[in-house]
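Q:
Residue numbers (this note's numbering), protein chains in the order written: chain A, 84 to 219; chain B, 84 to 219; chain C, 84 to 219; chain D, 84 to 219; chain E, 84 to 219; chain F, 84 to 219.
Structure, rendered in structure tokens:
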């Protein structure tokens with residue numbers, strides 16, 4: 084079994100908060116990440132899929148296919164966007180990187196499986212120092 | 084003459100646009116960076132100052148002093164903020180990285196000079212691939 | 084289950100050697116790392132904890148809590164220190180990165196568990212090319 | 084159990100193609116990576132081995148031993164070489180990074196085991212954005 | 084005056100050698116870089132242009148314009164290619180990174196000037212450890 | 084004129100202090116960097132030399148020559164050493180990175196000039212965030 088990881092990046096605005104809380108309550112839990120006027124990040128997304136390589140080709144999923152899936156399902160929808168307002172698959176969820184990783188997993192899984200590969204991990208770096216991983 | 088560079092990072096939301104233009108006009112010039120719902124970046128800030136080291140100490144500006152100046156004058160004002168709305172020294176300016184570099188230069192210069200050092204360069208990486216430098 | 088990793092850095096001096104061996108014997112086993120006058124590194128520490136996110140908050144451990152634990156339990160005790168002489172939790176151990184990783188794991192585990200999270204991995208980069216991981 | 088990872092780099096030329104296909108057929112499957120005049124990469128190789136540290140030494144495999152094994156078995160044979168033509172352990176295989184990872188695993192395994200360590204993972208970065216992992 | 088740098092990457096094969104020398108003579112001067120079967124790199128290209136920002140826009144050259152120029156004039160011609168055989172602007176030159184930097188400068192200059200910007204520097208990283216800069 | 088930069092790394096211990104001051108006085112000026120039990124860093128050294136390339140070879144200084152000079156004159160003397168105690172060219176100087184850059188410049192200059200190249204810059208990164216440059 085071989086694991087292949089594709090790294091992509093996107094820049095987005097977000098805010099961590101609950102609508103049903105006051106700004107002060109949000110600040111107490113989410114700190115400066117709850118800033119009502121938003122802030123943003125260069126998110127680094129690593130998508131790892133696994134599979135058995137075919138002897139005929141020496142690979143199991145074409146990298147350009149994987150790249151295209153990530154572009155269509157994720158990057159085109161989140162890059163230079165507001166994660167709270169503009170991203171359909173984040174609607175109704177608190178815009179934490181944790182929720183973002185789970186949502187991206189759910190968006191990618193069916194498309195990866197159509198290529199007869201297995202989604203293994205979604206990893207998101209919010210900053211150089213903070214990283215989230217989700218394995219389903 | 085010795086050059087010393089301190090690297091800091093901050094995360095902020097911004098939008099590139101002119102208020103007196105329609106969203107469409109803004110999109111034609113600034114592209115996806117004009118998204119009305121904002122987007123954001125992990126900005127990487129490099130501040131370079133120069134001076135002659137004293138023989139007594141083997142340095143010319145204390146790194147912790149430099150760090151403190153950048154924190155007070157810049158990072159505390161831009162980190163987890165909206166560059167268009169919340170940053171006083173960006174008021175009335177288009178929130179390009181070019182204007183940000185010039186504004187940060189102007190904010191830092193007097194404080195650096197009080198320490199008898201010379202501000203040499205303000206460099207800002209907006210993404211891994213796009214960097215702006217300003218030398219005054 | 085979500086994995087969250089916090090990256091921190093610290094600079095320290097150390098020496099790999101056994102007190103009961105001569106300098107020559109130490110050199111034969113530990114090479115230049117046994118230099119009696121010490122050498123040092125910028126250690127890069129990755130701490131990974133795992134848990135189930137609460138639907139209420141969209142996260143399971145607050146990043147600032149995690150950061151604070153690592154600062155108090157580890158960074159404050161090792162940064163700009165001599166690992167052999169000044170770090171209580173390394174006393175009596177050979178100052179290899181392997182032993183350092185195990186010791187950091189033992190220091191962090193109770194504090195992480197108090198936050199109802201599970202410590203998953205302690206990873207230490209001694210240089211850009213050499214990395215140690217410990218999973219308990 | 085402790086995991087230790089050594090990172091090395093090598094620069095090589097390669098071409099992804101099947102000899103029994105026409106250039107056009109190869110292009111349809113392997114894209115620009117099938118360029119008949121070759122192209123190349125700075126490959127980044129991570130080798131992870133695992134073992135139990137001895138209390139006597141605080142480590143289980145000497146890093147310089149690990150480094151020497153990787154140099155002799157792999158780097159000396161692939162650095163500044165053509166992976167398709169000049170590397171014996173890639174003969175008869177399509178020069179994908181997937182096949183390269185498996186072949187490097189097979190080359191390293193016996194030598195690592197002679198040191199009473201266990202080979203855990205061979206990871207190869209072909210570019211900054213594409214990485215392959217093999218766990219045997 | 085503002086400096087803006089765009090970073091791009093490309094993967095190519097090359098060989099450093101003089102056609103009028105024997106393989107042995109080439110090896111004596113160019114070492115392993117003269118390997119007759121080629122080798123390759125992930126080249127990192129930094130293009131820096133300078134200009135005065137307009138007050139109207141807060142910038143002087145649109146980043147997407149700069150990106151497009153570099154793509155058309157350089158990346159499309161060198162990525163996944165053999166620098167010695169397939170790149171018209173390297174014809175008749177020894178494929179050193181030094182010559183590559185000068186040639187890329189010459190290719191980019193007219194297009195940059197059409198945008199009323201000034202080409203300032205072409206920087207090429209051949210590996211992580213070796214970098215060439217050319218300022219015209 | 085072409086600029087070529089070679090990057091090397093070394094790990095060393097040091098302490099910033101004046102012998103004629105008390106530990107307390109040293110702490111007041113140099114902070115935690117004056118720790119009497121030493122601390123250390125992975126120093127990153129960039130050496131830039133410039134020259135005109137010969138048309139015959141397409142380069143002006145052979146990279147392996149430059150690498151060898153830096154190894155012999157600097158790396159062999161500072162790697163896994165104590166900068167205060169064991170490095171002859173730092174004797175009698177406060178072990179700041181500023182003084183280290185000047186001293187390395189002085190060590191390298193004659194050897195670079197023997198190769199008919201011009202030393203342009205010595206840059207040292209003490210940590211990822213602090214960098215010193217010296218241009219003579």
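Just so you know, even glycine gets a beta-carbon here, dropped at the ideal spot from N, CA and C.
Tell me whether residue 98 of chain B is buried or exposed, calling it buried when 16 or more other Cβ atoms sit within 10 Å of its Cβ.
A: Within the second chain, residue 98 of chain B is the residue found at index 15, counting from 1. Result: buried.
Q: Name the one or two DSSP bridge partners that residue 94 of chain E has.
A: Residue 94 of chain E sits at position 11 when you count from the first residue of the fifth chain. Bridge partners of residue 94 of chain E: E:125.
Q: Taking the runs of the beta strand (DSSP E) that are 3 residues or longer, which of them lie wholly in the stretch 119-199 of chain A?
A: Taking only runs of at least 3 residues, the beta strand (DSSP E) segments lying wholly in the stretch 119-199 of chain A are 122-134.
Q: What in chain A is Cβ-close to residue 212 of chain D, meaning under 8 Å?
A: Reading the fourth chain from its first residue, position 129 is the one you call residue 212 of chain D. Simply 89, 90, 91.
Q: Counting C-beta neighbours from all protein chains within 10 Å, is the total for residue 134 of chain C 16 or more, i.e. buried, or is it exposed?
A: The residue given as residue 134 of chain C occupies position 51 in the third chain. Label assigned to residue 134 of chain C: buried.
Q: Going straight from the alpha carbon of residue 125 of chain C to that of residue 103 of chain E, what length do you get?
A: Here residue 125 of chain C corresponds to residue number 42 of the third chain, with the count starting at 1. Here residue 103 of chain E corresponds to residue number 20 of the fifth chain, with the count starting at 1. The alpha-carbon atoms of residue 125 of chain C and residue 103 of chain E are separated by roughly 49 Å.
Q: Using CA atoms only, rank isn't needed, just tell me which of A:94, A:193, A:189 is closest to residue 158 of chain A.
A: Mapped onto the first chain, residue 158 of chain A falls at position 75. The shortest Cα separation from residue 158 of chain A among A:94, A:193, A:189 belongs to A:94.
Q: Throw me the rounded Cβ distance for the residue 144 of chain B and residue 191 of chain B pair, which I believe falls under 8 Å.
A: Your numbering for residue 144 of chain B matches position 61 in the second chain. Your numbering for residue 191 of chain B matches position 108 in the second chain. In fact, because the Cβ distance is near 12 Å, the residues do not count as touching under 8 Å.
Q: How many angstroms separate the CA atom of residue 156 of chain C from the CA atom of residue 168 of chain D?
A: Counting from 1 along the third chain, the entry for residue 156 of chain C is found at position 73. Counting from 1 along the fourth chain, the entry for residue 168 of chain D is found at position 85. Answer to the nearest angstrom: the Cα atoms are 54 Å apart.
Q: Exposed or buried, which one is residue 173 of chain B when buried takes at least 16 other CB atoms within 10 Å?
A: Numbered from its first residue, the second chain carries residue 173 of chain B at position 90. By the neighbour-count rule (16 or more Cβ atoms within 10 Å), residue 173 of chain B is buried.
Q: Pull out every residue of the stretch 99-114 of chain D whose Cβ sits closer than 7 Å to any Cβ of chain A, in chain order.
A: Residues 112, 114.
Q: Hey, could you find the ends of the beta strand (DSSP E) residue 213 of chain D is sitting in?
A: The residue you call residue 213 of chain D lines up with position 130 of the fourth chain. 213-217 is the span of the beta strand (DSSP E), which, as asked, contains residue 213 of chain D.
Q: Could you spell out the range, first to last residue, of the alpha helix (DSSP H) harbouring residue 102 of chain D?
A: Translated into the one-based positions of the fourth chain, residue 102 of chain D becomes position 19. Counting along the chain, residue 102 of chain D falls outside any alpha helix (DSSP H), and DSSP gives it neither H nor E.
Q: List, in chain order, every chain D residue whose beta-carbon is nearer than 7 Å to that of residue 147 of chain A.
A: Stepping through the first chain from its first residue, residue 147 of chain A is reached at position 64. Neighbours of residue 147 of chain A on chain D, chain order: 114.
Q: If we count the other Cβ atoms within 10 Å of its Cβ and call it buried at 16 or more, is residue 123 of chain C buried or exposed?
A: Here residue 123 of chain C refers to the residue found at position 40 when the third chain is read from its first residue. Residue 123 of chain C is buried by the Cβ-count criterion.
Q: Thinking residue 87 of chain B and residue 217 of chain F are a contact (beta carbons under 8 Å), I'd like their distance in whole angstroms, please.
A: On the second chain, position 4 is the one that residue 87 of chain B refers to. On the sixth chain, position 134 is the one that residue 217 of chain F refers to. Not really, about 10 Å apart at Cβ, beyond 8 Å.
Q: Excluding the 5 residues flanking residue 201 of chain F on each side, which residues of the same chain have their C-beta closer than 8 Å to its C-beta?
A: As a position in the sixth chain, residue 201 of chain F is number 118, starting the count at 1. Same-chain partners within the cutoff: 132, 133, 134, 195.
Q: CB-CB under 6 Å to residue 162 of chain A, same chain, minus the five flanking residues each way: which ones, in chain order?
A: Within the first chain, residue 162 of chain A is the residue found at index 79, counting from 1. 93, listed in sequence order.
Q: Mind listing the chain F neighbours of residue 178 of chain C? Cutoff is C-beta to C-beta under 8 Å, in chain order.
A: Residue numbering aside, residue 178 of chain C sits at position 95 when the third chain is read from its first letter. Going along chain F, no residue has its Cβ under 8 Å from residue 178 of chain C, so there is no contact; the nearest lies around 12 Å.
Q: Could you list the residues in the stretch 153-175 of chain A with a C-beta less than 9 Å from some C-beta on chain B, going in chain order?
A: Answer set for the stretch 153-175 of chain A: 162, 163, 164, 165, 167, 168, 169.
Q: For residue 178 of chain C and residue 110 of chain F, I'd like the C-alpha separation in whole angstroms.
A: The sequence position of residue 178 of chain C within the third chain is 95, counting from 1. The sequence position of residue 110 of chain F within the sixth chain is 27, counting from 1. Their backbone Cα atoms lie some 26 Å apart in a straight line.
Q: Exposed or buried, residue 209 of chain A, counting other C-beta atoms within 10 Å across all chains shown (16 or more means buried)?
A: The residue labelled residue 209 of chain A in the question sits at position 126 within the first chain. That one is buried.
Q: Given this structure, state the Cα-to-Cα distance separating residue 96 of chain A from residue 137 of chain E, to the nearest angstrom.
A: For this step, residue 96 of chain A is matched to residue 13 along the first chain. For this step, residue 137 of chain E is matched to residue 54 along the fifth chain. When rounded, the distance between both Cα atoms is 27 Å.
Q: Can you name the start and end residues of the beta strand (DSSP E) that residue 204 of chain B belongs to?
A: As a first step, residue 204 of chain B must be located in the second chain, where it is residue number 121. Start and end: 201-210.
Q: Short of 7 Å Cβ to Cβ, which residues in the stretch 115-138 of chain B face chain A?
A: Per Cβ criterion, the list reads 115, 116, 118, 120, 121, 122, 123, 124, 125.
Q: On the CB-based measure, 16 or more other CB atoms within 10 Å of its CB, does residue 186 of chain A come out buried or exposed?
A: By 1-based counting over the first chain, the position of residue 186 of chain A is 103. That one is buried.
Q: Does the distance from the CB of residue 212 of chain D to the CB of residue 89 of chain A come in under 8 Å?
A: Walking along the fourth chain from the start, residue 212 of chain D turns up at place 129. Walking along the first chain from the start, residue 89 of chain A turns up at place 6. Their beta carbons are under 8 Å apart, which means residue 212 of chain D touches residue 89 of chain A by this criterion.
Q: Give me the chain B residues within the contact set of residue 95 of chain A, using Cβ-Cβ distance strictly less than 8 Å, ordered along the chain.
A: Numbered from its first residue, the first chain carries residue 95 of chain A at position 12. Near residue 95 of chain A (Cβ distances below 8 Å), the residues of chain B are 122, 123.
Q: Can you have a look at residue 175 of chain E and say buried or exposed, based on whether 16 or more other CB atoms are within 10 angstroms of its CB?
A: Counted from its first residue, the fifth chain places residue 175 of chain E at position 92. Result: exposed.
Q: How long is the line joining the alpha carbons of residue 180 of chain C and residue 215 of chain C, rounded to whole angstroms?
A: Along the third chain, read from residue 1 onward, the residue named residue 180 of chain C stands at position 97. Along the third chain, read from residue 1 onward, the residue named residue 215 of chain C stands at position 132. Approximately 7 Å between the Cα atoms of the pair.
Q: By how many angstroms is the C-alpha of residue 139 of chain C removed from the C-alpha of residue 149 of chain E?
A: As a position in the fifth chain, residue 149 of chain E is number 66, starting the count at 1. As a position in the third chain, residue 139 of chain C is number 56, starting the count at 1. Each residue's alpha carbon lies about 45 Å from the other.
Q: Quick one: Cα of residue 188 of chain B to Cα of residue 108 of chain D, how far?
A: On the second chain, residue 188 of chain B is found 105 positions in, with the first residue counted as 1. On the fourth chain, residue 108 of chain D is found 25 positions in, with the first residue counted as 1. The alpha-carbon atoms of residue 188 of chain B and residue 108 of chain D are separated by roughly 56 Å.
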